[in-house]
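Visitor: This is the structure I have questions about; it appears just below.
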Amino acid sequence: MRSALCAGSLMASLLAGCEQAKKPEQTAAESGSAASNPATESTPIMPTSASFGKTSDGTEVQLFTLTNAHGLQATISTYGAS
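Add 175 to a position in the sequence shown, counting from 1, and you land on the number used in the working numbering.
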């Protein structure tokens with residue numbers, strides 16, 4: 176029970192610390208233009224996936240690679256996921 180409480184507290188702290196700072200909204204008069212600039216808007220980046228093989232019972236295992244704008248990568252497999 177204690178380890179679950181510690182893990183939950185750690186996860187809540189990590190999630191709270193990973194939020195992006197919110198930018199103040201500008202009015203059309205402040206920004207000088209009512210239209211948004213597409214060059215400054217971020218586009219979502221989809222994860223890449225690749226086959227990693229099969230388990231002993233024949234279930235295919237996938238690898239997903241997530242990359243952020245700064246080049247940091249995380250690779251996650253579906254092995255053991257339900």
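Here a beta-carbon is modelled for each residue, glycine too, at the ideal position from N, C-alpha and C. Predicted model, so just to flag it, every value in this text is computed and none were measured.
Would you mind reading off the limits of the beta strand (DSSP E) that contains E235?
Guide: Position 60 of the sequence shown, counted from the first residue, corresponds to residue 235. Per DSSP, E235 belongs to the beta strand (DSSP E) from E235 to T242.
Visitor: Please decide whether P219 counts as near chain D, where near means a Cβ-Cβ distance under 8 angstroms.
Guide: Of the chains in the structure shown, none is chain D; there is only one protein chain.
Visitor: In whole angstroms, what separates the C-alpha of F227 from that of T218?
Guide: Counting from one through the sequence shown, the residue named residue 227 turns up at place 52. Counting from one through the sequence shown, the residue named residue 218 turns up at place 43. Whole-angstrom Cα-Cα distance: 28 angstroms.
Visitor: Suppose contacts are defined by Cβ-Cβ distances below 8 angstroms. Is T240 in contact with T250 by that definition?
Guide: Locating residue 240 in the sequence shown gives position 65, counting from the first residue. Locating residue 250 in the sequence shown gives position 75, counting from the first residue. The answer is yes: Cβ separation under 8 angstroms.
Visitor: Relative to the alpha-carbon of G246, which residue among T230, A182, P222 and K229 has its alpha-carbon at the smallest distance?
Guide: Here the question's residue 246 lines up with position 71 in the sequence shown. Closest option to G246, Cα to Cα, is P222.
Visitor: Just to confirm my understanding: we take A214, look at its own chain, exclude 5 residues before and 5 after, and list those with CB closer than 7 angstroms. What are they?
Guide: Translated into positions along the sequence shown, residue 214 becomes position 39. Bear in mind that the predicted position of A214 carries a pLDDT of just 48, short of 50, making it too unreliable to give a figure here.
Visitor: So, at 8 angstroms on beta carbons, what are the nonlocal neighbours of Q237 in its own chain, with the 5 sequence-adjacent residues on each side left out?
Guide: In the sequence shown, the residue the question calls residue 237 occupies position 62. Within the same chain, Q237 has close Cβ partners S224, A225, S226, F227, S252 and T253.
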